[in-house]
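Taken in order, these protein sequences are the chains called A and B. With my numbering applied, the first sequence corresponds to residues 56 to 132, in that order. With my numbering applied, the second sequence corresponds to residues 147 to 768, in that order. Remarks on the structure that follows.
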Amino acid sequence: MSLAELSALPLETTASILGVNADTALEHRLQALGFRVGKQISVIRKAWLGGPLHVRIGTTEVIMRRCDARSIQVQPN
Amino acid sequence: MANSINCNKCNSDGSPLLDVTSTAGLKQIAVLGMPNTGKSTFFNRLTGANASVGNWPGITVDLMAAKIKLGQQETQVVDLPGIYDLRGFSEDEEVVRKFLESNPVHLVIIILNAAQLDRQISLALQIKHIGLPALLLLNMADEAPKFGVQIEPESIARHLEMPVVQMSAKYGQGYAQARNSIVAQLGRQSEPMLAGKIDKNLVTDAEFATEMGALLQDGFHVSAEFKETITTKIDRVLLHPVFGLPIFFGLMYLMFQMVYTIGKPLQDGLNSGVEWFKTAAVEPALSFLPKFPHDLLIDGLYGGMATVAAFLPVIWIFFICMAIVEDSGYLSRSAYLMDAFMERLGLDGRSFVMSLMGFGCNVPAIMGLRVMRSPALRLLSMLVIPFSLCSARLNVFIFMTTALFNANVAPLVLFSLYLFSFAAAILTAFIFKGKYPNQEPLILELPPYRFPTVRQMLLRAWSETKHFLRFSWRFIIFGVVAIWLCNNLPTNVEPASAGTISGEIGRALQPILGPIGINPKLSVALIFGFIAKEIVLGGLAVIYATKQDAGLAGAIAKEIDWVQAYSFMLFTLLYVPCLSTVAVIKAESKSIKFAVMGVLWSLVLAWSASFIFYQGARLLGF
Ligand SMILES: Nc1nc2c(ncn2[C@@H]2O[C@H](COP(=O)(O)OP(=O)(O)OP(=O)(O)O)[C@@H](O)[C@H]2O)c(=O)[nH]1
Chain A
56 MSLAELSALP LETTASILGV NADTALEHRL QALGFRVGKQ ISVIRKAWLG
106 GPLHVRIGTT EVIMRRCDAR SIQVQPN
Chain B
147 MANSINCNKC NSDGSPLLDV TSTAGLKQIA VLGMPNTGKS TFFNRLTGAN
197 ASVGNWPGIT VDLMAAKIKL GQQETQVVDL PGIYDLRGFS EDEEVVRKFL
247 ESNPVHLVII ILNAAQLDRQ ISLALQIKHI GLPALLLLNM ADEAPKFGVQ
297 IEPESIARHL EMPVVQMSAK YGQGYAQARN SIVAQLGRQS EPMLAGKIDK
347 NLVTDAEFAT EMGALLQDGF HVSAEFKETI TTKIDRVLLH PVFGLPIFFG
397 LMYLMFQMVY TIGKPLQDGL NSGVEWFKTA AVEPALSFLP KFPHDLLIDG
447 LYGGMATVAA FLPVIWIFFI CMAIVEDSGY LSRSAYLMDA FMERLGLDGR
497 SFVMSLMGFG CNVPAIMGLR VMRSPALRLL SMLVIPFSLC SARLNVFIFM
547 TTALFNANVA PLVLFSLYLF SFAAAILTAF IFKGKYPNQE PLILELPPYR
597 FPTVRQMLLR AWSETKHFLR FSWRFIIFGV VAIWLCNNLP TNVEPASAGT
647 ISGEIGRALQ PILGPIGINP KLSVALIFGF IAKEIVLGGL AVIYATKQDA
697 GLAGAIAKEI DWVQAYSFML FTLLYVPCLS TVAVIKAESK SIKFAVMGVL
747 WSLVLAWSAS FIFYQGARLL GF
């Protein structure tokens, strides 16, 4: 598969992060939560009605809105 | 020493202020860490939960600090807010940066979650680059193996050039070693150090990433297989797309039901104890006084305070439950479940979590909004949170529902008030969302499910009860005595009759409060309830004790019916939160206009809701 935005990654598919394309504040926060280039990431579940994504990155689990997940480019393995 | 700390303003919740005048010879420790890594748990263990609030040069918020003896050394330990990144832009991050730039320290204790070291280590690396004397505690060592994480503290220590100790702040493993290590470090550092301009001392992202990679390669190993944990199993149920929300509301209902079921008998017991003490000790002791001061002290002061004191058990149990909910990690799950809905209201999952916290007390919930950066989102949340049915209001409602409804329906009535509380919040967000648009990202960690230790629960319940006492005593005494005086002045008329001050006030307000079924007597309690909702109850006790000797519940039940009572409760639920809430709203929004607008809106909403309910019920023949 080719590269994609995290928001479009199918459930339970592992991907590696290619880049984060957000403003500085969000970028720092994402880095501190473990979103760094090369890290493995997967989407565990998506809330209904366009709700947030439940994402696992390393041993950390976070929820994030789909619109924010759009700023993360991934390459499915 | 360069940093003389001055702190002479009285802290708003009345906690003792730190004596920070004599910092000479005192060693300074700052505790730093990422959010939710167990910083407070460690701080409480280290300082024996004896911290007080103080303020520091360079920053505007109060921080917790404690003086303790470490080895032979008198030491002051300051608990900094949990942060992700020293370069960050959030208010907390700004606070930590300013603190380190303006307050020299002998040691920075960094606390990170061992299981998530792969990302959290960045904070320790930043401290290394800044060059402050530091020590790293890898907390939650008990949880790390469950994630398949293995750590080599020695190699990490080599990379960071600081001591590294694994420990569990919650259960105590490794704590003794951590403490020894702190004492030893402190002994080596005779002069305190100041962080230079922090931004200047950090390296580029690329260099940083390389350094972090090398460190993790040597000291952090995680098994390649993802390990299915209990948390992932529970999440499959609790975050279920269909069942998640019903389960959530069911659990909330159970919790409030439990507070009610356990709290009520305790409350009754305490009430009879207080009554017994009055007849056995207080009345004989005061019998020498003339009638007016005698009644003022007994019916006004003692009666009012006793009713309020009887609610301590409920508050206590409520916060035992809150300790479990907060510690469990379920709150951030509820943010996940509710965000789609909250987003449509112009809010986000965090506003929902803070509203839930508001069910304990609105004041800390509003202060908790600081984690959001968007001012619009904060303002909108500030309008919404005051409708959360806080424990002070709960006291009034538990009392009135037991007085006026039979034991089978009382919990349902109470639950309906919770639904109204949600409805008011939703309506408010819906109406005002256009005025406060925001685009704040929502990114929240989901910690593994945890259960607090008994010690943690007791500590939480105890500190909240203490806080309630300290915080409300002045208000309550003032309010209850004022109500008594209104009811008994002038002295030449029958107490609580139309001729007294309260009779006059009640009559003057009848055009407004009459249509919602609130009689002149209840009006006075409502007015003073503006100061604090606890006064409503103490006030009722005073108002109704003047005539009848039967219990307060019986006395009220004789004078008003359930429709009036429900209308009164609706009004109490929705109108102006207490004075303290208004004060923090003003402080946090930095706008009197905004605070006044919030107050007016709540009054309009309260009146309209009660009016529709009362007139509707009467029309239907109730
Ligand atoms: N398993 C485990 N849990 C811990 C440990 N230390 C703290 N916790 C739990 O971790 C959670 C967070 O602890 P806190 O002490 O409130 O964390 P904090 O870092 O002060 O959090 P903030 O107030 O958000 O900065 C709580 O549920 C604690 O009970 C530990 O050593 N092991």
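Just so it is clear, CB atoms sit at the ideal spot from N, CA and C, and this is done for glycine as well. Being a predicted model, the structure only gives us computed values, none of them experimental.
Residue i CB to nearest heavy atom of ligand 1 below 6 Å
i, result
"proline 583 (chain B)", "no"
"arginine 596 (chain B)", "yes"
"threonine 286 (chain B)", "Checking the sequence shown, residue 286 (chain B) turns out to be methionine, not threonine. Result yes, Cβ under 6 Å from ligand 1."
"glycine 514 (chain B)", "no"
"glycine 228 (chain B)", "yes"
"glycine 184 (chain B)", "yes"
"glutamate 67 (chain A)", "no"
"serine 327 (chain B)", "no"
"serine 314 (chain B)", "yes"
"proline 510 (chain B)", "no"
"glutamate 289 (chain B)", "yes"
"threonine 79 (chain A)", "no"
"aspartate 473 (chain B)", "yes"
"proline 723 (chain B)", "no"
"proline 250 (chain B)", "no"
"proline 181 (chain B)", "yes"
"threonine 718 (chain B)", "no"
"threonine 187 (chain B)", "yes"
Coarse secondary structure for residue i, derived from DSSP in three states
i, result
"phenylalanine 366 (chain B)", "strand"
"glutamine 694 (chain B)", "Confidence is the limiting factor: at glutamine 694 (chain B) the pLDDT is only 45, short of 50, which leaves the residue's position unreliable and the question unanswerable from this model."
"leucine 258 (chain B)", "strand"
"serine 168 (chain B)", "In this prediction, serine 168 (chain B) has a pLDDT of 45, which is less than 50 and means its spatial position is unreliable; nothing more can be read from the coordinates."
"histidine 440 (chain B)", "helix"
"asparagine 285 (chain B)", "strand"
"aspartate 225 (chain B)", "strand"
"isoleucine 99 (chain A)", "strand"
"histidine 305 (chain B)", "helix"
"methionine 468 (chain B)", "helix"
"proline 387 (chain B)", "coil"
"glutamine 218 (chain B)", "coil"
"glutamate 591 (chain B)", "strand"
"methionine 313 (chain B)", "coil"
"leucine 64 (chain A)", "coil"
"alanine 70 (chain A)", "strand"
"leucine 209 (chain B)", "strand"
"valine 555 (chain B)", "coil"
"threonine 375 (chain B)", "coil"
"tyrosine 760 (chain B)", "helix"
"proline 636 (chain B)", "coil"
"methionine 119 (chain A)", "strand"
"glutamine 86 (chain A)", "helix"
7 Å Cβ cutoff met for residue i and residue j
i, j, result
"alanine 102 (chain A)", "alanine 486 (chain B)", "yes"
"arginine 120 (chain A)", "proline 131 (chain A)", "no"
"histidine 252 (chain B)", "lysine 173 (chain B)", "yes"
"asparagine 665 (chain B)", "serine 648 (chain B)", "no"
"threonine 114 (chain A)", "phenylalanine 395 (chain B)", "no"
"glycine 625 (chain B)", "phenylalanine 674 (chain B)", "yes"
"phenylalanine 717 (chain B)", "alanine 741 (chain B)", "no"
"serine 713 (chain B)", "phenylalanine 759 (chain B)", "yes"
"threonine 183 (chain B)", "valine 223 (chain B)", "no"
"leucine 110 (chain B)", "serine 669 (chain B)", "Residue 110 (chain B) lies beyond the range of chain B shown here (147 to 768); nothing can be said about it."
"glycine 409 (chain B)", "proline 459 (chain B)", "yes"
"arginine 111 (chain A)", "isoleucine 99 (chain A)", "yes"
"glycine 320 (chain B)", "glutamine 312 (chain B)", "yes"
"alanine 570 (chain B)", "leucine 720 (chain B)", "yes"
"glycine 361 (chain B)", "histidine 275 (chain B)", "It is worth fixing the name first, because residue 361 (chain B) is leucine in this sequence and not glycine. For leucine 361 (chain B) and histidine 275 (chain B), no; Cβs fall outside 7 Å."
Next on the checklist: So if I threshold CB-CB distances at 7 Å, which residues from the stretch 206-236 of chain B count as touching chain A?
Outcome noted: Tyr230, Asp231, Arg233, Gly234 and Phe235
field: Residues of the stretch 590-609 of chain B with Cβ closer than 7 Å to any Cβ of chain A, in chain order
entry: Leu590, Glu591 and Leu592
Select from the stretch 476-495 of chain B all residues with a C-beta closer than 9 Å to any C-beta belonging to chain A, and list them in chain order.
Ser478, Arg479, Ala481, Tyr482, Leu483, Met484, Asp485, Ala486, Phe487, Glu489, Arg490, Asp494 and Gly495
Q.
Beta carbons nearer than 7 Å to chain A: which residues of the stretch 287-304 of chain B have them?
A. Phe293 and Val295
Next item on the list: Select from the stretch 100-126 of chain A all residues with a C-beta closer than 7 Å to any C-beta belonging to chain B, and list them in chain order.
Entry: Arg100, Ala102, Trp103, Leu104, Gly105, Gly106, Pro107, His109, Gly113, Thr114, Thr115, Glu116, Val117, Ile118, Met119, Arg120 and Asp123
Using a Cβ cut-off of 7 Å, which residues of the stretch 88-100 of chain A contact any Cβ in chain B, in chain order?
-> Leu88, Gly89, Arg91 and Arg100
- [ ] Report the residues of the stretch 263-277 of chain B with a CB closer than 7 Å to any CB of chain A, ordered along the chain.
- [x] Asp264, Arg265 and Ser268
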